[in-house]
Structures are given as C-alpha cells and as structure tokens.
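J.: Read top to bottom, the protein sequences are chains A and B. Be aware that the first sequence starts at 504, since it is given in the numbering used here, and climbs by one per residue. Be aware that the second sequence starts at 660, since it is given in the numbering used here, and climbs by one per residue.
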Amino acid sequence: MFCGEKKLLETERRVKANDREFNEKFQYANNRIHTSKYNVLTFLPINLFEQFQRVANAYFLFLLILQLIPEISSLSWFTTIVPLVLVLTITAVKDATDDFFRHKSDNQVNNRLSEVLINGRLQSEKWMNVKAGDIIKLENNQFVAADLLLLSSSEPHGLCYIETAELDGETNLKVRHALPVTSELGADISRLAKFDGVVACEPPNNKLDKFTGELSWKDNKYPLSNEKIILRGCVLRNTSWCFGMVIFAGPDTKLMQNSGRTKFKRTSIDRLMNTLVLWIFGFLVCMGIILAIGNSIWEHQVGDYFQAFLFRDEVVKNPIFSGFLTFWSYVIILNTVVPISLYVSVEVIRLGHSHFINWDRKMYYSKKETLAEARTTTLNEELGQIEYVFSDKTGTLTQNIMTFNKCSINGRTYGEIYDNLGRKIEINEKTKSVDFSFNPQADSRFRFYDHSLIESIKLGDPKVHEFFRLLALCHTVMPEEKNEGKLIYQVQSPDEGALVTAARNFGFVFKSRTPETITIEEMGKVVTYQLLAFLDFNNIRKRMSVIVQNPEGQIKLYCKGADTILFEKLHPSNEELMTLTSDHLSEFGGEGLRTLAIAYRDLNEEYFTEWFKLLEEASRGLDMRDERIAAAYEEIERDMMLLGATAIEDKLQDGVIETIASLSLANIKIWVLTGDKQETAMNIGYSCNMLTDDMNEVFVISGQTAADVWEEFKKAKEILFERSTGFTNGYAFCEKLQELKLGSTVEETVTGDYALIINGHSLGYALEANLQNEFLEIACICKTVICCRVTPLQKAQVVELVKMHRKAVTLAIGDGANDISMIKSAHIGVGISGQEGMQAVLASDYSFAQFRYLQRLLLVHGRWSYFRMCKFLCYFFYKNFAFTLVHFWFGFFCGFSAQTVYDQWFITLFNIVYTSLPVLAMGIFDQDVSEQNSLDYPNLYGPGQLNLLFNKRKFFICIAHGVYTSFALFFIPYGVFYNVAGEDGKHITDYQSFAVTIATSLVIVVSVQVRQLQRAQDKATPLKSHKRQPRRTSSRRSGYAFAHQEGYGELITSGKNMRVKNLPTSGLGKTMYNSTSWIENLCKKTTDTVNSFSLDRTVKL
Amino acid sequence: MSHQESQEMKSNNCQGLPSRMPDNTAFQQQQLPAWRPSLTARAVLPGFFTTGVFFLSMGILLILSAKSVKEIEITYTDICSNCSKLRENASNFYKECTCSISFFIPEKMPGNVYMYYKLYNFYQNYRRYIISRNNRQLLGEDITNVENCAPFQRVSNDIPIAPCGAIANSMFNDTILLSYYPNSSTRINVPLLSSDITWWTDKHVKFQNPKSSNLASAFAGTVKPPYWRKPVYQLDQGNPENNGFLNSDFIVWMRVAALPTFKKLYRRIHRIQQFADGLPAGNYSLDISYNFPVTLFKGEKGVVLSTVMWSGGKNFFLGIAYTTTGAVTWLAAFSMTAVHLKLKKKKAFFQC
C-alpha cells in the first residue's frame, strides 16, 4: 500500500479536536486509503511505462523501430507489431481488471460509515471523509476507522474493550481507558462538540505497542500512552459505545504503516527467464556478428562481381558497411528466438492454472461457501517450489475456539472414553456427547463426551463440586443476561470462557457479579459469595486467585495457574496427588492441550483480616508498591490444596496435523510465527505434532538483551554440534547441513530432531545483522521453528531473512491483518478467507478457507503448474530455436543476405497459429502424475524445490536440441533439393517450394515433439477406478510412478534407500528407488526426441 | 471482500440460492480423460521394427529409382571461353556469340527427356534480388506498378520497366539447340518443346498479360529491362502465344531458385520420329547462342539432359537418408530387445 509521500517529514503531530481548519494547516492525510495503482487517466502512461520496463517488451519495441528502417528491414513491420500489440493489450487488460478490484475493495472500505461529530451533531460520514481531529462515535462490534484517542465510553471509568486480532493476532480482549477528564464528557454531544483539546504526539510510525503524546486542554497537560489509543483495525467489544478523537487517519494509521508496500511479485522462473532472454540476446548478437562477417567476406569475394545483376546502391557497396546493415537485418530475422508469444503463452497458461485452482471442488469449503481463489495469476508455478512455509497460528492453524476438553480431579482424569474392553475410543462427530438437558442454563454448543464426570457430579463428589465451584468463581468473565434469561459471557481470554462455560454446563452457573459479590447457581441453588480479594494474574505470577466467603462464612482462596508455579505453593500433604496430577498434566500437555492447575486453601478469619491489612498497607504505600503487593500475594497463596487440573483444547482446524505431516514429507519446512504467547504457541506446536517429546532438544530463546540471545544461540549450537558428533562426525555433519537443500536423503542423516522457539523480543536481536546468520543457521537445522510474540513487521523480517539467505521459495499463510506484511514479503502469500477480517485475503496471492487446502494447493496444483510450466518453457525455447536457426544455416547459402527461409506470414503466425494449440494444451492440461499420486507421495514434490526441471542446464539442453533440429530441418531438404527435378521434369528447387517444405516439416516436427513431451489427454482412463484402488493404478503409471509402491513415502524419509522389489518390465523404470535417479530419468525422458521421424518428413513433398 | 458480501447476501436471502460450489465438470476438475501410455518393451519394440522396415524399404526403392535415371550434364563456360570472355565486357552487349559443343550419349535415354540449363554460383536467393519484383505487375493488372522493384524500377526515372526488378532483368537468355548425328554426315535437329515447362499455377494464375488486343500496345508506356535485347512482347518470335509475361522461359526464370546452384527446365524433347522413345545413344551437339555472362561472378553454366522417374530426377540423398534412418531404427530396436531380454532373465532369476 502506498504510504502517503510526505512533502515534509513530519516530526511532530499536532491535532486539535473539532477544529478542521486548524488541522488543515498541517495537511494530514485523510482517512481514505489507496491500494490501487492507477486511475482512469494515469492508467495508460503508467501501465505502458511499466510494461516497457520488461526487457522483452522494450526489446520488441526496439525491433519494431529497426524494422521501420528500409535498408535494414528484412521482415515487414507487421511481424512484430501484431504480437506486440497483442501482448500489451492482454497485459493491460489484466492489470486493469486487477486494479479495478483493488479500487472496488478500497471503495468498500472507504465508504464504510461511521458517526462523526460535525457542527455539534452526530452525522453519518464515510470513512474516507474522516479527518484527523474529528470525534467519532463507535458502537459495539464495529471496526475502528482510524487511530483514535479514546475520550469516553459507555463503561465506567471510561473503559473500553477492543479486540486486536487484526493487528497482532491476539484474540483476548484488551482494555483501553480514557483519561478521567475526558471520560467525564460521556455521551454528552454538546460537551463533546465543545471539546477543543490539542494532542501533540509522535509522527506516524509502525510501532503497534508504543504511543507517546500529550493532550493539552483547559490549560492542563495530560500525558498520553498506548493505553489511551484505539488503533484502526481493532474491533470494539463488550462496550456499547465510545467516543474517540482521530489522531492518525488513512495511510498514517499504524495498521497501514505496518502493511508495507505492495511489491511486484515474480516467480523465480520469471527471473530465470529474464536472464535467459538476456543470454539469448547475447547469442543472437553472436549469430548476427558471424553472419555479418560472413556477409562482408561474401560481398568482398562474390557479391562485388555479382552486382551486375543488382545495381546496388553505392552505400551498400562497401562490404563492411553491408556487413553492418546485415547484422541488424539478422537481428530482426533471428528475433524469433525470443518469441514475444512466449510471454503471452506463459500468461495464458498461468491464467488457466489459476482457474483450475478457483474451480477446484476439493478446495471449496462448503460450511462457509468459500472457494479457493487465485488472486494473483502470475505465481502458480512457484507453488511447486516452496521450501519454507511461514504460518500464522491463530485462525490459521487453529480455529480460535477453545473447548474444555479434559480434566483431572483429585487424581482422576475425565474426558476420555473407553469401550467395554477398556480401549480408548476416538472421539468423532458421531460419538454421543453428554446430555446437559437437566440443566436449563447449559450452553448448547458445549460438548463433552465422558459421562462419568456428570455421574460424579450427580453423586455429589465434594472434590468435583469444589473443582467446578472454583471454575465458576475464579475468573474475570463478565456475565450479561440477555432477554429470555439467556446468559452471555463476555470474556477477556477464550480460555477462561471455556472454563466458565464448562462449569456452567456441569451445573455451576456463574450468574452475575458485583465488585463485592459473585453469584453462582450451584446445582440449581443460587449462592452468593462475598468477593474479599482478587489476586490478579500477571506474567510473573502466572496464576490468579480469588478469596471468597460463602454464605456460611467460610473463607476460601481459590487459585488457578500454571502448574509449575502452583505446585510449589501446595501444602506438603499433596505430594501424592501432585505426582498423579502432574502425570495427568504431562499427558494432557503431550496431546497439545492447554493446562491449568487448580487449588484452594481454607482460610480462617483472623488470618485473612491480618493479611488483608497487610495488603491494604502495601497498596497504600508509595514506594515499592508493586513488589509489596506481590509479596502479600505470595504470603497467602501457599499451603494450598490441589484440586486438579483442566485441559483446554485450542481447536486445530481440520486436517492440520495431516497437512503438516504431508508437507514435511515433501521436505517443506514449516515455521510458525505468531503474536501469541510462548506457552500458547508451544502448545499448538505440540498439538500439531511439530513439537514432540521425542525431540532431542527444544531450544527456547527468550533473552532480553543481545548478549543473552547470543549466549543462548551459542549454547544451542554447542548442543547441536555436540550431539551430532555423537552420531556422525561433526565436520561431515556441517557439510551436510550446507547441502540440506539437496534432498531428503541428506536430511535423514541429521539424526537429531531439534526445535527452536524464539521470543519476539529476542527475535528483534536475532534479526540484527550480527546475529541473523547464527539465528538462521540454527533455525534451519531445527525441524520446527516457532516464533512467538512477534510483531507484524518481524514476521516480514523473518520471511525476508530466509528469502535472502536461503535463496529458497517461501510461502506465508495467515488470516489476520497482522499477517499482511509477511504475506506480502513472502514469495507467495496465502490468506485464509471466509472469516471476519478480509485484509489478509486482500493482500494475499491465494486464498482459501482452511489450512488443510494448502496441501492440495502445493502438492497438486503447484506441482502440476511447475511441471507444466517447465515442460512448456523447454519446449518453447526448443521450438523457436528449431524455427529460427534455419535462417542461420540458410545464410551460408544466400550470400548472408538476411533472406528468410519462410514466408513472412508464416513467421508472423508460426507461434500464434501454427504451433500454439498443442503446446498450450500441454501447458494447461498435462498431468504427469495423477493428483492422487501427488498427494500420496509427497516426495514427488522434490524436483520443484531443487529446481530440476527448468534451469540453465535444462535450458542449454533444449537449445542444443533446437539447434540440432534446425540443422536437420535445413540440411535434409538441402540435400534433397540439390539438383533435383519433379516427377514431371519441372524444376522444383525453387525458393518457394523450399520454404514450404521446411516450414511444413518444422510444424510437423515440433508438433510431434510436443506429443512426446505431453502425456496427452485424449483417451479414456477410468478415473473412478483409481479412486477405489489407488495403489494398483499407481503401479502401472508412467516411469517414475512405478517406483512408488505402498509405503514409499515412509521409505524415503526413513533414510534407508530400499530397493524396490518388483522391477517393472520396461527398461524405463529400472532402479528408480532413489529420489535423485528418478528425477534424472525424468529429465532425460523429456529430452528424448523423435528426430528420426522428423528427418524423413521432407520426403512427402 | 467480494466473498464476504456475497456470503452475506446469501445468508440474508435464503438457502434457495445455488451454492457457490464449482461445477463438477471433468474439465474444471482437471479430470479430462487422458491417455497414459505405459511404454513397455512389448508395446514399443514392434513399433520400432515396423518403422525400421518401412524406412529401409522406402530407402532401397528410392535408391533403385534414382539409379535408373539417366542424366548427362555438359558445362559450357570453359568450352565456350571465348564467348565467356566477350560477355565479361558490357560494351559487347549487342555482339552475337555462338558456340557449338559435341558430346556423346553412351546409353539410350528412354521415355521423356528434359533439357535443363544449370547455373552455378548464381545467387537467385539473395535478399535484395529476391524481393526485386512486382507480382501485381506480373498479373497484368497494372503494368506501371513497379513498387519494390528497386533498383530496376524505371528508366531515367519516369518510364516504368516491364517486367521490372532485378530478377526479370537478369533473365537467362542463352538459346540452346540440340542436334543428333545418327551417323557422321546426318544432322537432325532434335525437336524441342517449350510448352508445359512451367508450373500450371504460374502460367494460369500468377502471370497474366495485360488485357489488350495487341501485346505491343498493351506494354506501351513501359520499357524493356536494361539487360534485355528485346522487349517482353517479342521474347518468342516463333510463337506469338508465348510472349509477354506468359513466356514460359520468363515464368521459369521468375520462379527463383532456393540455392545458388540450380537447374531450370529449358525444353522438353518432343517425342516424334527417332525420338519417340527418348534420346537414342549416339553423337549429339549443342548449338548455343551465348548471351548470359557468368564468369563475371565466377559462375558456371551448363546443360543437363535427364530422364525422370516417379521419384523425380537423379538424387540419391533421399534414398540414402531413408536407408540410414531405417538402419538406425533397427539397430536401436535390436539393442533394446537385447536389454529387455537380459533384464527379463535377471528378473526371473531374482524371482526364483
């Protein structure tokens, strides 16, 4: 996106509320955003300018100019202008449509309405018309239009809740509170309209968690911090309304500042093609020079004497000048080695592939009616070359739904179900869930499958009751009773919501709270507890407690928190239960569940009052207040009795585990980059099997200073290399790491599995120049990398780092606005669509509804695209060399006079008409391996990552092949035409017959060639049959598919190169048991030709 | 965004709307029927053998056919060296020069015999030469149209040349007569036909005389090409039909050769009297009126007498090419069979 180009660098921003005139002096950007590139007027010049920046287009323009010089023009101008105009038009139309959609989406965002205070009245105003200094009213669940200073809200003390998922991916609610002076304004429009405070603050920047400024109002100055600011992209939650003053609008907002610039993405094949095109130009020039020298010599020795028949102009008579002119003439003639239609065809093919992605029913998510969408049509083949996948967590890997899944109460686990024989039953949609109909307050969406828990409750097990009582009491949830007495919980963190909802369903319904009381309904009986103290959660304590007094006067402390912390605070008598529970906890943890330990403590009144005094004293004190309060908390949170533990599932999206497994088999590395907390991220790592207990080491980097981080890296490295020397020798290991990219077999020798978890803070240091190599080195050895607490910008930096230093193709996938920068900087950005926010999708190149479709996108569509594109390019270069070089050979027989062999129209139409369809059909439809096989054998993805099918070497083979074909095409007719007569005696050795013969042979030869490349799609194969018996059909597939017997994928990853037992009967499929050899075979196969055929076609004429 | 909107619309409207699910067509789902041949030895080898057989037999047939073609070539640049010298000097343009060459045909040339003139080192395929003609003019539509004919467009810049251009200007203008000596005293002129020596399309489509009762008047307002002795409407004084753009020799010349060495059909032997079965063996002579300069550019010229077969003239190249291809195919087929059998045995061995 464009950040508004400032004429002057802003050093400080001054905004006066309700005073547009004052603010206009500074020319702050208004709230309109532009992501589009052109408008109606600028489209043509800008687009043409962009298009002619492409080497090829510029080259063709140059050719066109050359052709207009009569002395040189060896071909009419139409041979170039027809295709050139065609290409320019097609590209322009495509760019125009793309931009049209950007306009549309901009408009949609710009035209959203918000209520703005204008002239003392609230008016509906479009977002784009909002200006800095305006006061806006926001309502619940509305998107925030601009970066606002919170003035007042419906909640007491000017509090308001926002969800920042779009910004940083965190889903828990955040609190913002207004300055007391402004919160008094409330919803009083007249007073708000009179508000004329001036905000002086930092200039626009992209730091999401920092804001410094000052509000001057009524001769007073009030400091402003991030706590007072609501950023664009947030959603207002649990707050019925609030007022805010716009500080940054449109492109100045932190969201937009974070989104980075739109970069024109190109595939590596594109880049390679550009290089190759340059090489071809070089080659062209060489040929031109050879022919020009030939011409000079010829003119000198023969032409001079021949001129009696020609009367050539005086100028041309000079052999050297004639050679010079000939050079240009040959440049024109031979220009078809870089056919302009190559670019058209490539675009057409990519467009076709994109449509196949859009049309794929298997990537259609019926629940949300969301199609997969290829939003960029130029990147398809890159999908077949991905080596690194960077994934967001929330909303991408997970559904962002927390469910109460299991618990351990007093040493007994609940939540798993067993059949009669005591075997664990897999829970699926058909499993009967516990019937909560006895409880009118139950939340109908809640599912629990273990019936024994409900029985324990009904039997009145006191521990179980206490467990759920705790869950119902100890939390920060706000209840909201909607009409019909339906309870709605407003939660700060979805975990808590899940716990309270669980308690609610099991009969301990949290009903309402006041600052002093909590009312719950215990098994149908309403009980009100006095809330005596609330010991809040923080990151160091990792626990929270409430001290409540029940109607009987009993005082209890209920505590929930991280097990590691809590277990230290338990009463010694809990030893046995503790071991049992911690066993359960590690069991839960192993399944990737988020666990909390739960404990209580009975307090007597005297002790409590004494402690409470201590606490009050502490909180009254001015110095060391926080420490003293913490100490007071410590004092009371001890000698607790363990109740049990809860396990909450951060529900993964369907098929995430399988997808990750399959992608890893395809040698794709998956890094998780999340804004979420380390624990949460690690949990998810475990639940998607990215982290396992079998791992040799999980490095956690969380240093707060550069030195710490460096130290941690050093340690990690030591461990890595020490360990590995145990298995192989260290030097070899290092070597192998360097070659890590070279194939799965090498990777298997890295016997250890390592994982790296790095914190946002440390990542900041790790990304600095002096540490980034260390970081990258370690990260690339590790099987799994998880970065947590990262900012959107860091996400992009990580992607850039890998892109730069690893030269690998990267893919970033995410769903929220915080992923935009990463999506944009990766080679390919994928957005998860079908959710609330659409920013990620809008910034992405591909979008679909579920993470699991990534597998299909890469392994099927990407792979096919890559294979097709490579075959296409090889073929196309071959074809055009075969086509063009005939002129070169002919040059030796026509006095190097730049006479073409073919008719001009044949040259113009050769690529467009004569040979376009077969190659396009191949480029669009060819399937070397069926989709089922590509999915079953992820290793088939390898050639793309190693870039085996189209690289410089392949290119030279194609070229050599083309040269050879052109040689045969010219010299065989030459031999045949030499001194021959027709069967009726008439002379047939004329130029026209010769031209037609060669042209016809050429068309036949190159078309036969394409059939060799193409596994043509024209006869029926019962497709259904291989759905039923995929293995069997696969065993009689083409060459390399033979190798893939059952369990092939495992074989290859196990590192043992096993010999395939049944060799296929044909010589083709022999010994393709290791991945490189079948790849080589594949390469060979595509270059095998049928030139024996081509040689003899000429006979026909 | 468009997604979301339409989704909302959908949920608002009702479920009656068709789902957005893509159509389940074979095309869209990339499940078009496909032929996936498995190239087993069993399927491939017979194909190789058959192609091999085909090519070999074609090759042998072609070679035999070319072998049976009788051809005799007489180059006369050196023999008529005095004429050659004369023609090197342009000032001798209007001087006649004739030259006679005797030769011997050892074997009878049966069937149709054709007489060609052959030029060496004449670059009819030179670009500036090849484009120097105007097909519209040759169609007789607009004989003053001399576009593209540079450098032979007009004389003294206003009168158009007909036929214009370098090709027409450089037309081969030797006359060749063939005589037969059944014995040392008798001389019989071999009857030569100039009809039917052009392509049908050339004579009937591409070349037309301008519409007029009198050819001479039709070409009024134009001049002959500078190297010509006679204007285009007087090319064949013996046969008034064979004049103008429709002159057979002219048409043959205008069909430019592809390569710098070429032969063009000059006359057919009229099969009457002694020559009904072709040219009998014996002594012959050529009487050449030497007009066309070739030594200037180190060229040579000659006369070729040849019979033809179904495969055309005497050219072994095609036959050899076929035979070679056939042989290579067979070689490949045999070696593949050998590999196949070897592998098969090995496999059997492994399976035991």
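Glycine included, each C-beta is placed from N, C-alpha and C at the ideal position. Just so you know, these numbers come straight off a predicted model, no measurement behind them.
Do we get a CB-CB distance below 8 Å when we pair lysine 1489 of chain A with the residues of chain B?
T.: Chain B contact via Cβ: present.
J.: For the stretch 892-915 of chain B, which residues have a CB atom closer than 9 Å to at least one CB atom of chain A, in sequence order?
T.: Taking 9 Å as the Cβ-Cβ cut-off against chain A, the residues of the stretch 892-915 of chain B that qualify are Val911, Arg914, Val915.
J.: Determine the direct distance from the alpha carbon of asparagine 1383 of chain A to that of glutamate 800 of chain B, and round the result to whole angstroms.
T.: In a straight line, the C-alpha of glutamate 800 of chain B is about 39 Å away from that of asparagine 1383 of chain A.
J.: According to DSSP, simplified to helix, strand and coil, what is threonine 545 of chain A?
T.: Threonine 545 of chain A falls in the helix class under three-state DSSP.
J.: In chain order, what residues of the same chain lie with their CB nearer than 7 Å to the CB of glycine 700 of chain A, ignoring the 5 residues before and after it?
T.: Cβ within range, chain order: Ala520, Leu718, Ser719, Trp720.
J.: Starting from the beta carbon of phenylalanine 786 of chain A, find every residue of chain B whose beta carbon is closer than 9 Å, and list them in chain order.
T.: Ordered by position in chain B, no residue passes the 9 Å Cβ test against phenylalanine 786 of chain A, which lies about 22 Å from the chain.
J.: Is there a Cβ from chain B that is less than 8 Å from the Cβ of arginine 735 of chain A?
T.: Output row for arginine 735 of chain A: interface = no.
J.: Check whether the stretch 1396-1414 of chain A and the stretch 876-887 of chain A are in contact - that is, three or more C-beta pairs closer than 8 Å.
T.: Segments in contact, no.
J.: Please list the partners that proline 919 of chain B has in chain A, where partner means a Cβ-to-Cβ separation under 8 Å.
T.: Neighbours of proline 919 of chain B on chain A, chain order: Phe1396, Cys1397, Gly1398.
J.: Kindly indicate if chain B contains any beta-carbon less than 8 Å away from that of tryptophan 580 of chain A.
T.: Tryptophan 580 of chain A does not count as touching chain B.
J.: Could you work out which residue in A:Val590, A:Leu1266, A:Glu574, A:Leu1362 is closest to alanine 561 of chain A when comparing CA atoms only?
T.: Minimum Cα distance to alanine 561 of chain A is reached at A:Val590.
J.: Could you tell me the alpha carbon to alpha carbon distance between phenylalanine 1393 of chain A and serine 759 of chain B, rounded to whole angstroms?
T.: Near 37 Å, if we compare the C-alpha coordinates of serine 759 of chain B and phenylalanine 1393 of chain A.
J.: Who are the Cβ neighbours of phenylalanine 708 of chain B in its own chain at under 6 Å, not counting the five residues just before and after it?
T.: Excluding sequence neighbours, phenylalanine 708 of chain B sits near Ala992.
J.: Return helix, strand or coil for leucine 1069 of chain A, following the three-state DSSP convention.
T.: Note: leucine 1069 of chain A maps to helix in three-state DSSP.
J.: Tell me, please, whether the CB atom of glutamine 570 of chain A is closer than 8 Å to any CB atom in chain B?
T.: Glutamine 570 of chain A does not count as touching chain B.
J.: For leucine 1270 of chain A versus asparagine 838 of chain A, is the C-beta distance shorter than 8 Å?
T.: No, the Cβ-Cβ distance between leucine 1270 of chain A and asparagine 838 of chain A is not below 8 Å.
J.: Residues in the same chain with beta-carbon distance under 8 Å from valine 1293 of chain A, minus the five sequence neighbours each way, listed in chain order, please.
T.: Counting only Cβ-Cβ distances below 8 Å, and skipping sequence neighbours, we find Leu1176, Thr1177, Gly1178, Gly1263, Leu1266, Val1301.
J.: Tell me the rounded alpha-carbon separation between tryptophan 1367 of chain A and glycine 887 of chain A.
T.: Taking the straight line joining both Cα atoms gives about 7 Å.
J.: What does the alpha-carbon distance come out to for the pair threonine 1468 of chain A and isoleucine 536 of chain A?
T.: If you take the alpha carbons of threonine 1468 of chain A and isoleucine 536 of chain A, they lie about 56 Å apart.
J.: Does the stretch 1389-1405 of chain A touch the stretch 785-792 of chain B, meaning 3 or more C-beta pairs lie closer than 8 Å?
T.: Yes, the stretch 785-792 of chain B is in contact with the stretch 1389-1405 of chain A.
J.: For chain A, is any of its Cβ atoms less than 8 Å away from the one on leucine 704 of chain B?
T.: No, leucine 704 of chain B does not count as interfacial toward chain A.
J.: Looking at proline 1054 of chain A: is its Cβ nearer than 8 Å to the Cβ of serine 1015 of chain A?
T.: Cβ atoms of proline 1054 of chain A and serine 1015 of chain A: not closer than 8 Å.
J.: Looking at the C-beta of valine 1422 of chain A, does it have a partner C-beta in chain B at a distance below 8 Å?
T.: Taking Cβ atoms only, chain B never reaches closer than 8 Å to valine 1422 of chain A, which makes this a no.
J.: Just mark tyrosine 921 of chain A as buried or exposed, buried being the case when its beta carbon has 16 or more other beta carbons within 10 Å.
T.: It counts as exposed.
J.: Below 8 Å between beta carbons: does that hold for aspartate 1066 of chain A and alanine 1006 of chain A?
T.: No; because the gap between Cβ atoms is not below 8 Å, this pair is not in contact.
J.: In the DSSP output, which residue or residues are listed as bridge partners for asparagine 1262 of chain A?
T.: Beta-bridge pairing links asparagine 1262 of chain A to A:Cys1291.
J.: By DSSP, does tryptophan 1609 of chain A sit in helix, in strand, or in coil?
T.: Nothing can be reported for residue 1609 of chain A, as the shown portion of chain A is limited to 504 through 1604.
J.: By the criterion of Cβ-Cβ separation under 7 Å, what are the contact partners of isoleucine 818 of chain B in chain A?
T.: The contacting residues do not exist; isoleucine 818 of chain B stays about 17 Å from chain A at best.
J.: Mind checking who serine 944 of chain B pairs with in its DSSP beta bridge?
T.: For serine 944 of chain B, which the question treats as bridged, DSSP gives the partners B:Ser761, B:Ser838.
J.: Just to confirm, are isoleucine 1281 of chain A and alanine 1219 of chain A a CB contact at a threshold of 8 Å?
T.: Taking 8 Å as the Cβ cut-off, isoleucine 1281 of chain A and alanine 1219 of chain A qualify as a contacting pair.
J.: Please classify leucine 874 of chain A: does DSSP put it in a helix, a strand, or coil?
T.: Coil, per DSSP.
J.: Please report how far the alpha carbon of valine 728 of chain B lies from the alpha carbon of glycine 972 of chain B, in whole angstroms.
T.: Going from the Cα of valine 728 of chain B to the Cα of glycine 972 of chain B covers about 7 Å.
J.: Do the CB positions of glutamine 1033 of chain A and valine 1049 of chain A come within less than 8 Å of each other?
T.: No.
J.: Look up serine 1015 of chain A in the DSSP assignment and give the residues it is bridged to.
T.: According to DSSP, which records beta bridges pairwise, serine 1015 of chain A is partnered with A:Thr1022.
J.: Quick check on DSSP: helix, strand or coil for valine 915 of chain B?
T.: Valine 915 of chain B falls in the coil class under three-state DSSP.
J.: Could you name the residues of chain A that proline 681 of chain B contacts, counting a contact when the two beta carbons are closer than 8 Å?
T.: The contacting residues are Asn861, Trp862, Asp863, Arg864, Tyr867, Leu874.
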